[in-house]
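Protein sequence lines correspond, in order, to chains A and B. In the numbering used here, each number is its position in the first sequence, counted from 1, plus 3. In the numbering used here, each number is its position in the second sequence, counted from 1, plus 391. The next block holds one structure in the form of structure tokens; read it before the comments.
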Amino acid sequence: MNRLWWKQIRAVIRLEMKKTFFAKRGIWIYLLALAPLVLFAGHAIETARHRQALVRLISQNEKPLAEQDFAAITPGMAQEEVVERLGNPPVRNSWKARRRTGPDSIDVFMREQYHYGAGQSEFFVEIEHGKVAAIHRRQEGCDFGQDSIIFASVFQFFYLRLAIFFGCLGIFMNLFRGELLDKSLHFYFLAPIRREIVMIGKYLAGLIAATIIFTTSTALQMVALGWHFDPNALSTYLYQNHGLAHATAYLGVTALACLGYGSFFLAAGLLFRNPIWPAAAILLWEGLNPFLPSLLKKLSVIYYLKSLCPVEIPVGPGVPPVFALLVSNADPIAAPLAVFGVITVALAILLASSYQVRRMEINYTTE
Amino acid sequence: MNDRIILEDVSKFYGEVLGVNRVNLSIPPGISSLVGPNGSGKTTLMNLMTGLIRPTRGRIRILDLGTDEPEKLFKIVGYCTQFDSFPKGLTGYQFVYSYLQLFGHDSRIAEEMAWRAIERVNLVQAAGRKVAGYSKGMRQRIRLAQALCHDPRVLILDEPLNGLDPLVRAETIAVFRSLAAQGCHIIISSHILHEVEVISDQVILLSNGYVVAEGQIQGVRSEIQEHPMQILIRCDRPGELASQVFQSAHIVEARMHTDGRGLLIKTRDPDQFYLLLNRIALNGIAVESVAPADDDVNSVYEYLIGSEEVKR
């Protein structure tokens with residue numbers, strides 16, 4: 004690529020960036036990108052609120068308690084003995100309970116609940132007729148393992164397949180189609196610049212915009228997810244338990260998704276007037292990927308992206324086989340090959356698009 | 392290197408709709424006007440010349456360059472389209488400057504060229520304003536600036552004088568003349584026939600996608616045999632002149648001018664008429680002036696395309 008082409012590509016990118024980032028019709032893309040952030044930020048806020056409530060509860064215990072102290076509390080134990088071992092509960096609830104004791108008789112009695120906090124848990128001791136009827140434990144906070152599976156599920160099923168997919172549709176299909184509708188594409192086609200260079204410039208502008216929007220959202224989602232954890236535990240997770248590697252992998256997968264889907268939708272914008280049909284076809288193709296023969300699988304973006312996702316979503320025994328097939332990656336490939344695969348698919352599509360853009364005619368009256 | 396714009400057997404169909412058909416043209420430097428009613432194929436021809444659309448059949452060469460190589464073509468071609476839309480959010484200056492940056496010019500050079508073009512169309516004051524807020528005439532001028540900014544050898548202008556006020560119109564025509572004098576090709580499409588008459592070195596008349604005539608307007612007029620040539624003779628005794636000219640077989644009609652001081656005659660053989668007039672003048676009728684009355688674009692257009700299409 005010569006120096007002139009680089010200058011021309013930079014000129015196209017400069018013109019396109021403002022349009023791509025600040026287009027009024029692109030607001031929904033930001034909303035789509037930030038939707039999981041709202042979910043994870045909500046989760047973080049709720050967890051933090053619970054943690055504060057637990058700390059407050061523990062501080063109100065009559066005497067210091069450890070989680071092991073509750074192991075000694077067993078059903079049938081007298082109410083006084085509970086108070087003797089654990090102290091008076093900081094929160095005590097009571098209500099009238101009813102239980103059917105025969106065909107025509109109902110037993111009405113007082114039920115009490117003693118609410119304690121200890122360690123990372125809340126304990127609820129149920130008292131009936133002066134004796135322990137049951138004891139429940141609710142563990143506060145989340146562990147990294149559980150949260151990383153939740154993140155992986157949201158990332159694979161919503162973020163990759165829907166948010167980035169439709170976001171790229173909005174950004175990349177408009178690169179040519181939008182200008183045809185605005186009747187302004189001739190601005191580029193009347194300049195001494197190869198049309199392939201215009202296409203590359205527009206694609207790179209779309210890629211930069213999509214990557215910035217979606218990787219920023221991915222990064223913020225991860226920050227939101229880790230925000231409520233203890234800083235020391237977070238540091239251990241990041242630096243000693245693959246946390247940083249996972250974060251890098253997710254950011255990389257996000258960028259590769261923009262690269263792959265971007266090329267699909269740029270081509271679709273050159274070929275089709277109505278974005279709904281190509282979007283539906285590509286969505287169907289990507290959705291059918293697990294059911295396709297091995298060779299056809301490789302002609303999709305999601306196949307490579309799934310192989311690059313760092314956390315595998317566990318399939319429980321009760322999960323329907325179709326769903327299990329969507330979740331699991333039966334035919335994964337090595338990460339370098341997956342990266343190479345996405346880039347190859349994108350380049351192949353861009354090459355085909357360059358022929359199309361070279362032959363493209365401007366006839367706004369038919370748009 | 393060929394200095395002509397050549398179209399060889401060019402046709403363009405939009406599906407089954409005819410754009411232009413079997414157009415053969417060889418356009419020399421100078422100002423050439425494409426004249427024809429709406430839908431006659433003027434814009435199609437211009438879009439074909441600039442590669443915005445491809446011919447269904449035929450070949451187009453612009454000074455030896457193909458229209459499928461925009462990277463070469465637009466170094467020498469500037470096209471002021473009729474499309475009244477611009478990239479969003481740009482000021483007039485940014486519009487021209489961004490266009491020049493697509494050439495790969497350094498920013499300093501692009502800046503200088505942009506300002507020069509903007510000055511040429513008298514839009515310096517408004518150059519910092521968003522194009523979206525421009526009047527129709529200002530948008531036309533900034534498009535002209537864009538087409539002119541890289542000093543093209545071929546300037547293709549689709550209705551370039553639309554929306555311009557008389558002063559700017561005159562200045563713009565002067566710019567076209569000066570470029571034509573420098574050996575540039577200026578291709579103009581226009582509906583305004585008296586303007587075409589004033590500015591064109593040659594005209595290309597289009598009707599329903601066909602070129603019906605091309606060349607210098609007087610040459611085209613003399614080719615139209617079925618309409619007798621009209622000549623206005625100013626003289627002191629028009630009645631006597633009428634009786635004398637009517638003795639010739641080639642005179643079809645002789646009509647007194649409305650002011651009573653001239654005679655409008657129609658003849659099938661202008662050369663014979665001029666010889667006859669010399670003889671009559673020698674016999675004592677004082678002839679003040681003799682001028683063809685229908686070798687203008689209006690008349691040619693009317694004869695070839697039809698009076699119902701004439702727009703003035």
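Using N, Cα and C, we set each Cβ at its ideal position, and we do this for glycine too.
Nearest residue (CA-CA) to residue i, options the options
i: VAL678/B; options: ALA684/B, ARG670/B and ASP685/B; result: ARG670/B
i: SER187/A; options: PHE275/A, PRO296/A and LYS22/A; result: LYS22/A
i: GLU131/A; options: ASP146/A, LEU247/A and PHE112/A; result: PHE112/A
i: ILE316/A; options: ALA222/A, VAL157/A and THR218/A; result: VAL157/A
i: ASN5/A; options: ASP662/B, ARG532/B, ALA501/B and GLY495/B; result: GLY495/B
i: LEU308/A; options: PRO106/A, GLU289/A and ARG88/A; result: GLU289/A
i: VAL415/B; options: GLY606/B, PHE637/B and GLY653/B; result: A small fix is needed here, since residue 415/B is Asn in this sequence, not Val. Nearest C-alpha to ASN415/B: GLY606/B.
i: GLN473/B; options: ALA538/B, ASP497/B, VAL636/B and ILE418/B; result: ALA538/B
i: VAL15/A; options: ALA137/A, ALA26/A, ARG95/A and ILE196/A; result: ILE196/A
i: ASP662/B; options: ASN674/B, GLY675/B and SER639/B; result: SER639/B
i: ALA337/A; options: GLU49/A, VAL322/A and CYS312/A; result: CYS312/A
Beta-carbon contacts of residue i that lie in its chain and below 7 Å, excluding the five residues immediately before and after
i: PHE169/A; result: LEU35
i: THR658/B; result: PRO619, MET620, ILE622, HIS641, ILE642, VAL643 and PHE664
i: ALA505/B; result: TYR484, VAL487, TYR488, LEU491 and CYS540
Cβ of residue i within 9 Å of any chain B Cβ
i: VAL15/A; result: yes
i: LYS10/A; result: yes
i: TYR264/A; result: no
i: LYS186/A; result: yes
i: TYR367/A; result: yes
i: LEU207/A; result: no
i: LEU295/A; result: no
i: GLU364/A; result: yes
i: LEU298/A; result: no
CB of residue i within 9 Å of CB of residue j, strictly
i: PRO39/A; j: TYR240/A; result: no
i: THR435/B; j: VAL411/B; result: yes
i: ASP685/B; j: GLN621/B; result: yes
i: PRO461/B; j: PHE190/A; result: no
i: GLY432/B; j: TYR601/B; result: yes
i: ASN91/A; j: GLU65/A; result: yes
i: GLY421/B; j: ALA571/B; result: yes
i: LEU178/A; j: LEU42/A; result: no
i: GLY272/A; j: GLY181/A; result: yes
i: ALA604/B; j: VAL691/B; result: yes
i: ASP549/B; j: CYS471/B; result: yes
i: ILE397/B; j: ARG450/B; result: yes
i: MET20/A; j: ILE167/A; result: no
i: THR563/B; j: VAL512/B; result: yes
i: VAL408/B; j: SER580/B; result: no
i: LEU654/B; j: PRO683/B; result: no
i: ASP152/A; j: ILE32/A; result: It should be pointed out that residue 152/A corresponds to Ile in this sequence rather than to Asp. Going by C-beta atoms, ILE152/A is not nearer than 9 Å to ILE32/A.
i: GLU510/B; j: ARG452/B; result: no
i: PRO293/A; j: LYS301/A; result: no
i: LYS521/B; j: GLY480/B; result: yes
Proximity test, Cβ basis, 9 Å: residue i and chain A
i: GLU550/B; result: no
i: GLU502/B; result: no
i: GLN638/B; result: no
i: TYR692/B; result: no
i: GLU462/B; result: yes
i: LEU493/B; result: yes
i: LYS521/B; result: no
i: THR649/B; result: no
i: TYR525/B; result: no
i: THR472/B; result: yes
i: PHE567/B; result: no
Neighbourhood of residue i by C-beta distance below 8 Å, restricted to the same chain and skipping five residues each side
i: GLY79/A; result: LYS134 and VAL135
i: ASP110/A; result: ARG101, ARG102, ARG103 and THR104
i: MET647/B; result: PRO629, GLY630, ALA633, GLY653, LEU654 and LEU655
Contact set for residue i: own chain, Cβ-Cβ below 6 Å, skip 5 residues either direction
i: ASP687/B; result: GLU588
i: ARG198/A; result: VAL360 and ARG361
i: PRO126/A; result: For clarity, residue 126/A is Phe in the given sequence; the question names Pro instead. These residues qualify, in order along the chain: PHE73, TYR119 and ARG140.
beta-carbon residue i near the ligand SAH non-hydrogen atom, thresh 8 Å
i: GLY229/A; result: The ligand SAH is not among the ligands present in this structure, which contains no ligands whatsoever.
Which residues, taken in chain order from the region 415–448 of chain B, show a beta carbon closer than 9 Å to some beta carbon of chain A?
Answer set for the region 415–448 of chain B: ASN438, THR441, GLY442, LEU443, ILE444 and ARG445.
Counting only Cβ-Cβ distances shorter than 7 Å, please list the residues of the region 17–38 of chain A near chain B, keeping chain order.
LEU18, LYS21 and LYS22
Going along the chain, which residues of the region 474–488 of chain B sit with their C-beta nearer than 7 Å to a C-beta in chain A?
PHE474, SER476, PHE477, PRO478, LYS479 and GLY480
Using a Cβ cut-off of 7 Å, which residues of the region 192–203 of chain A contact any Cβ in chain B, in chain order?
PHE192, LEU193, ALA194, PRO195, ILE196, ARG197 and ARG198
Residues, ordered as in the chain, of the region 254–286 of chain A that lie near chain B by beta-carbon distance below 8 Å
Answer set for the region 254–286 of chain A: empty.
Interface residues of the region 160–185 of chain A facing chain B [CB-CB below 9 Å]:
GLU182 and ASP185
According to a CB-to-CB cut-off of less than 7 Å, which residues of the region 42–67 of chain A neighbour chain B?
none
Short of 7 Å Cβ to Cβ, which residues in the region 665–680 of chain B face chain A?
none
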